[in-house]
Each structure stands twice: as C-alpha cells, then as structure tokens.
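Reviewing the structure listed below.
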Amino acid sequence: MAEFSFHIDAHKGAARTGRLETPRGTIRTPAFMPVGTAGTVKALTPDQVRSTGADIILGNTYHLMLRPGAERVARLGGLHDFMQWEKPILTDSGGFQVWSLAKLRKMTEDGVVFQSHIDGSKHSLTPERAIEIQAALLGADISMQLDDCTAFGVPKADAEKSMRLSTRWAQRCKTAFGDRPSQSLFGIVQGSVFPDLRQASAEALVDIGFDGYAIGGLAVGEGFDAMLEAIEATTPHLPLSRPRYLMGVGKPIDILEAVARGIDMFDCVLPTRAGRHGQAWTDDGPINVKNARYAEDKSALDESLDCPASRNFSRAYFHHLFKAQELLGPVLLSWHNIAYYQGLMARTRAAIAQGSFEGLRRSFRDRWCAGEAASGDAE
RNA sequence: GGACAGGUGGGUGAGUGGUCGAAACCGCGAGACUGUAAAUCUCGUCCUUCACUGGCGCGUUGGUUCGAAUCCAACCCUGUCCA
Numbered sequence: 031m032a033e034f035s036f037h038i039d040a041h042k043g044a045a046r047t048g049r050l051e052t053p054r055g056t057i058r059t060p061a062f063m064p065v066g067t068a069g070t071v072k073a074l075t076p077d078q079v080r081s082t083g084a085d086i087i088l089g090n091t092y093h094l095m096l097r098p099g100a101e102r103v104a105r106l107g108g109l110h111d112f113m114q115w116e117k118p119i120l121t122d123s124g125g126f127q128v129w130s131l132a133k134l135r136k137m138t139e140d141g142v143v144f145q146s147h148i149d150g151s152k153h154s155l156t157p158e159r160a161i162e163i164q165a166a167l168l169g170a171d172i173s174m175q176l177d178d179c180t181a182f183g184v185p186k187a188d189a190e191k192s193m194r195l196s197t198r199w200a201q202r203c204k205t206a207f208g209d210r211p212s213q214s215l216f217g218i219v220q221g222s223v224f225p226d227l228r229q230a231s232a233e234a235l236v237d238i239g240f241d242g243y244a245i246g247g248l249a250v251g252e253g254f255d256a257m258l259e260a261i262e263a264t265t266p267h268l269p270l271s272r273p274r275y276l277m278g279v280g281k282p283i284d285i286l287e288a289v290a291r292g293i294d295m296f297d298c299v300l301p302t303r304a305g306r307h308g309q310a311w312t313d314d315g316p317i318n319v320k321n322a323r324y325a326e327d328k329s330a331l332d333e334s335l336d337c338p339a340s341r342n343f344s345r346a347y348f349h350h351l352f353k354a355q356e357l358l359g360p361v362l363l364s365w366h367n368i369a370y371y372q373g374l375m376a377r378t379r380a381a382i383a384q385g386s387f388e389g390l391r392r393s394f395r396d397r398w399c400a401g402e403a404a405s406g407d408a409e
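In terms of the numbering used here, the first sequence opens at residue 31 and continues consecutively.
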C-alpha cells in the first residue's frame, strides 16, 4: 500500500471531503495549512498551532535557503525536528518569490538567481536545487515544483511563455524527485486568467504525473470573479483522484467558493498576518480590534471555538494589548485567527459529509458578497 | 529679591519677518493586508463646509511693518543657579 494516498469520503457537486494519508499523519480535506515560512508559524508555538486542529503547515524554500541555510537544517535533523513539528510539512518551492521578489531576481531557462534581500548575496535556484532543498535537506512531506508565478496583467503571449517555462521546470522537478515513496511532489498549474492556457498547463502536468496538483498565480490582483473563473477553467482538467491545492488563498469566502469548485487544500498568510496587525476574523467578517468601539467590549471573539484566545479574552483586552503594543496581542490574535480558519474547514468538511454544504456556502455569500464585492478585487 | 534660560497644535519638539494651519516623531481616528522582504504599510487629525470659501491660531496685551510664531514694550508663568 502506498504511503501516500488520497481518499474521498463524500462529495457534493464538485466539492469533496476526504483524507490525504501521509507517513506523518492524515490531512483532512478540505484543509487549511497555516504558513510557517521561516520555520515558524509567526507568533505561535507548535503546540498552539496543533491545538487549532491544523494537520499540516507550510515552510519556504527561498527563505530557509537563505537563513539558516538548507544544509544547516539538514545537519540539525531536518525541518520537522528543527522546529518541533512532527506532522506533515509542505514546502513552497520559491516560485512565489519569483513574483514577490521580482526586483531581486534574474530568470533564465535554467532557473532563478536571487539576490538575497538579507545580505545581497547571490543564490541560484534551479528545479533540481529546489527539489534537493525541499525533499532531501528540509525533508518536506510535500514538495512543490519550482514554478514561475505569473504576474497578473501580463499579455497572453507572456503568460503562455511563463506557463510553458513552468511546465518544463515541472518535468525537471519530477525527474529530480525520482522515487521517494515516503514523500510526494505537486505540480503547479499556471496560465494567468486565460482558460485555454490553464487547460493546457493542467493537461501537460497530468501527462507528467504528480501526486497532487496546485493552482498557482492567483490572488495576485485579478479579483474575486476572475480568480473563480480561472479555477473553473482548471479543475475539470485535473484527475478527480488527486488532491487539488489552491495556493495562497484566501479569505473565508474565497475558500468556500473554491471548495465548491473542487479544491481540497489551501494556505494563506492572511490569518497570521492579520493577527499581527489587529484584524480578527469572525463569521461576521473581519473586525479591527484596535477600533475605539472595542475599548470596553466585554464579549469574546468567538465563544463557539475551542481555543483559549477565541473564548477566554474580551475584545476590550485585545484592544488594549494592541494599543499598548504588547506582544501577547499578535500571539493571541494569530492563535484565534488560525483557530477560526480551522473551525471553518471543520464546518466545511462536516457540511459536505452531511449534505449541507450549499447552505454553509450560501450563508457566507449572503453575508460577504451582498452589495459591494466581497474580496480580492483588483484595485 | 537677583542672574540666566524658556513659554509653539493632545504630547515631545522644529521653525526666528513673507513660500506657516505651522517640520518630524508620538498619540488619537480609520483603512489595507491572500504560495510572508510586512509585530507592516497607507490616509486623516484647529473650527466651519459635501466642496469652494470663511473663522480662529504659536503665554497675555499693546506696538513696529505692506506683511509677525518670528522684531519691540509691558505683564503673566515655568526651570536652573545665586542670595
């Protein structure tokens, strides 16, 4: 029996719920993966992250390669041991930094050369090196192919060129990955907002054959509706039997709409970043605990969640912590936000299993899409 | 009682004749954040107006000047030192 396997337990339309089995544990899908870029889910201890129900977290090739260095992590026993997270870890390949750090890198057919944002030193990241770092040195359970995260707004010809490069890199990653029965490798669909490019990308990746398929290059400015259209143009061309991962997304409404279109896995910095900035996510939408109206609000953020940060402290206390710039503020609010997201995923899984997913989805749509656009709109 | 120094917007504190409703930082008010160069960034913050405009305004009062937070006089207050 394969050490990696994906089972779908129930589905409702395109939405499905299931389990991705790995040697380090089961990932319940649809899953939200907290982002732990630099070997830490910012502001949270592994225990706190575990307590929210997270089955898997992310790490980042580019950031760990620069500091502390992939070889050093390997000498220290691998990323799991280093950061004391024994459950699965998915590592991003550095492809996102191709986009977010566009000013600090040069691309060629062979790969990307980054100029470190820390000390200016040069670091080469090829598909082969990206796999070596993720699978061999960090010890990621799920490695991502190196890709070129296409910027939004580029002409179709450029989007196609970028997508084709990502496809060639996908093949090189697959070859470099070789036979690793206790680890897995995901390909990444690109193609910007062009349906035929998305389809071509998906089909090419399926031909190569991956353990799972990610959709990249979204939530980069295209807007809510365009993002959903890009997903719709992609998922029909991916095998039903493999997990689909929408990279970098998103707000709760984004996640529910993507689940409705057949996505199984998500990651997003939003809950942790927002948590550090005073924004708390709730079923009523995001609230800013720094706002004056919470100064004497005795209510908890969300008493329905089994998380101390969500139910034990008043909004007034959060308000005070942030106004006083106390470190506990970002810690507790990141904790709450991750717990909120995990709670949302648990409700989503249960709703799909019980046949009530449409109701859950509609309740969020009604609340957050009424009138103005709900999220992710291009500026 | 005497000698110095100084009084600027909620706070600290620039500015010493026009370009000053007055730098900067803080505070306060609000917004943003989507595979993390983010414990970050942006906007607003005298009154009035949707806006135009107008009205106050750099301790107080009076003066010099076309024009004053800036120069002069008196007064009030604060700090340090001496008695």
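All residues carry an ideal CB built from backbone N, CA and C; glycine is no exception.
What are the residues that DSSP puts in a beta bridge with residue 65? Answer by DSSP bridge pairing, in chain order: 88.
With C-beta atoms as the reference, is residue 204 less than 8 angstroms away from residue 238? yes
Taking residue 212 as the reference, give the member of 243, 172 and 357 with the closest Cα. 172
With DSSP run on the structure shown, which of helix, strand or coil describes residue 284? helix
C-alpha gap between residue 406 and residue 115, whole angstroms: With a pLDDT of 34 at residue 406, under the threshold of 50, the modelled position of this residue cannot be trusted; read the value that follows with caution. Those two C-alpha atoms are separated by around 32 angstroms.
Are the CB atoms of residue 315 and residue 448 within a distance shorter than 8 angstroms? This structure cannot settle anything about residue 448, because the visible part of the chain is limited to 31 through 409.
Report yes if the CB atom of residue 177 is closer than 8 angstroms to the CB atom of residue 107, and no otherwise. no
Can you name, in chain order, every residue of its own chain whose Cβ lies under 7 angstroms from the Cβ of residue 287, other than the five neighbours on each side? 258
Of the residues 329, 311, 339 and 347, the one placed nearest residue 394, counting alpha carbons only: 311
Evaluate residue 123 with the Cβ neighbour count: other Cβ atoms within 10 Å of its Cβ, from every protein chain shown; 16 or more gives buried, anything less gives exposed. Looking at its Cβ environment, which holds 16 or more other Cβ atoms inside 10 Å, residue 123 is buried.
Closest by CA to residue 367, which one among 73, 54 and 139? 73
So, residue 283 versus residue 398, is the Cβ gap smaller than 8 angstroms? yes
Residue ranges of each beta strand (DSSP E) within the segment 165-196, 3 or longer: Correct list: 172-174.
Opening and closing residue of the alpha helix (DSSP H) in which residue 353 lies: 345-353
Suppose you measure from the CA of residue 117 to the CA of residue 374; what does that come to, to the nearest Å? 20 angstroms
Residue 342, buried or exposed, once every other Cβ within 10 Å from all chains shown has been counted against 16: So residue 342 ends up on the exposed side.
Hey, residue 121 and residue 88: beta-carbon distance below 8 angstroms or not? yes
Buried or exposed for residue 329, going by 16 or more other Cβ atoms inside 10 Å? exposed
C-beta atoms of residue 200 and residue 235 nearer than 8 angstroms: yes
Residue 157 versus residue 202: straight-line alpha-carbon distance, rounded: 6 angstroms
According to DSSP, is residue 217 part of a helix, a strand, or is it coil? The answer is strand: DSSP assigns residue 217 an E or B state.
Residue 110 classed as buried or exposed, judged by whether at least 16 other C-beta atoms fall within 10 angstroms: buried
Is the beta carbon of residue 289 less than 8 angstroms from the beta carbon of residue 378? yes
Within 10 angstroms of the Cβ of residue 53, are there 16 or more other Cβ atoms? Answer buried if so, exposed if not. exposed
Cα-Cα separation between residue 321 and residue 349, rounded to whole angstroms: 7 angstroms
Between which residues of its own chain and residue 49 is the CB-CB distance below 8 angstroms, once the five residues before and five after are set aside? 36, 37, 39, 56, 57, 58 and 59
What number of angstroms, rounded off, separates the C-alpha of residue 130 from the C-alpha of residue 243? 22 angstroms
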